[in-house]
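Heads up: the structure comes next, in structure tokens.
Chains as they are written, first to last, in this note's numbering: chain A, 1 to 156; chain B, 1 to 164.
Structure representation (structure tokens):
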């Protein structure tokens, strides 16, 4: 009868693969787009290219609808999703005025002007709502805007 | 604990304990797998709208181009106009026409290219995707993977009141 022997499996290939996987997930994970609301179905456009240099001061406003699991709209009136809050357009103005006041207290007037209001609006939102949101932002002192769109492939 | 096993006289083989490292590596792997959120790449169009220039056209040597988007009651595009010119309502053909017209205007006024401005005036109920298309087609064109810029000064007219 043979003696029982201690067999140690070769772990090197498994560790190699595991490290490869970790590296992949680390590279792919994007912690920056946490303000993007998944309920918003952005319009697509071929010219929408990601910005090369991240903006220093940015306030993301999501304009969209409450949707069911199948993607259908819960109600026809659009909502504003701003930093975890859900507001109607008429409540958005005072909320933004408050945000601008906080910025002025912390910094100066220039900080408000330098802040880019990034609008992520649903493709089906009425254009007037987006324009009104921009107008309310202007009334609060913001001047720079960025309209978000999903990147589309170039067509012929 | 590190186990030692003697292989040859004079040499000691040290077995590094792999279990804690594998534990940590798997924890990391599970963390990154769970936090991964696949989001399609997003781009944006910057629009500068200084407060003073929001109502009236800014003082410029060149008259701003007017793009008018008229909506159907269901929010679809009813008519697209560049100045007095009707470009139709069939998307994407009407937007391609807008792009061509803007391209022609830009190529004819090379020296004033920085002064050129577009004011987009849209009906309240029009779907936002059409408004964004109009912005994009005034901004430029992609040709063979190359971006050809047209007009960068784009702003919106005063929002129209909602249609009842």
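No residue lacks a Cβ here, since even glycine has one placed at the ideal position from N, Cα and C.
By the CB criterion at 8 Å, residue 139 of chain B and residue 47 of chain A fall inside the cutoff. For residue 29 of chain B and residue 39 of chain B, the gap between their C-alpha atoms comes out near 20 Å. Around the C-beta of residue 12 of chain B, fewer than 16 other C-beta atoms lie within 10 Å, and the residue is accordingly described as exposed. With a 10 Å radius around the Cβ and a threshold of 16 neighbouring Cβ atoms, residue 133 of chain B comes out buried. For residue 122 of chain A, the chain B residues whose Cβ falls inside 8 Å of its Cβ are 128, in order along the chain. Residue 117 of chain B has a beta carbon lying at 8 Å or more from every beta carbon in chain A. Comparing C-alpha distances from residue 77 of chain A to each of A:124, A:109, A:50, A:57 shows the shortest one belongs to A:124. For residue 50 of chain A, the chain B residues whose Cβ falls inside 7 Å of its Cβ are 41, 42, 43, in order along the chain. The bridge partners DSSP lists for residue 46 of chain B are A:146. Assignment of residue 53 of chain A by DSSP, reduced to helix, strand and coil, places it in the coil class. Excluding its 5 nearest sequence neighbours in each direction, residue 68 of chain A has C-beta neighbours in its own chain below 7 Å: 74, listed in chain order. For the options A:11, A:45, A:19, A:38, the alpha carbon positioned closest to that of residue 152 of chain A is the one of A:45. Taken atom to atom, the span from the alpha-carbon of residue 104 of chain B to that of residue 98 of chain B is near 10 Å. For residue 71 of chain B, the enclosing beta strand (DSSP E) has its first and last residue at 65–71.
Distance check between residue 48 of chain B and each of A:106, A:141, A:149 places A:141 closest, using alpha-carbon atoms only.
DSSP, read as helix, strand or coil, puts residue 17 of chain B in coil. Chain B has no Cβ within less than 8 Å of the Cβ of residue 66 of chain A. Counting every other CB atom within 10 Å of its CB across the protein chains shown gives residue 117 of chain B a total of 16 or more, marking it as buried.
Interface criterion not met: the Cβ of residue 103 of chain A is under 8 Å from no Cβ in chain B. Taking a cut-off of 8 Å for Cβ pairs, the segment 18–29 of chain B and the segment 115–123 of chain A do not touch, as fewer than three such pairs fall below it.
In the DSSP assignment, residue 147 of chain B falls within the beta strand (DSSP E) that extends over 146–149. When only Cα atoms are considered, residue 16 of chain B and residue 85 of chain A end up about 52 Å apart.
Taking CB atoms only, residue 81 of chain B has no neighbour in chain A less than 8 Å away. Between residue 125 of chain A and chain B, the shortest Cβ-Cβ separation is below 8 Å.
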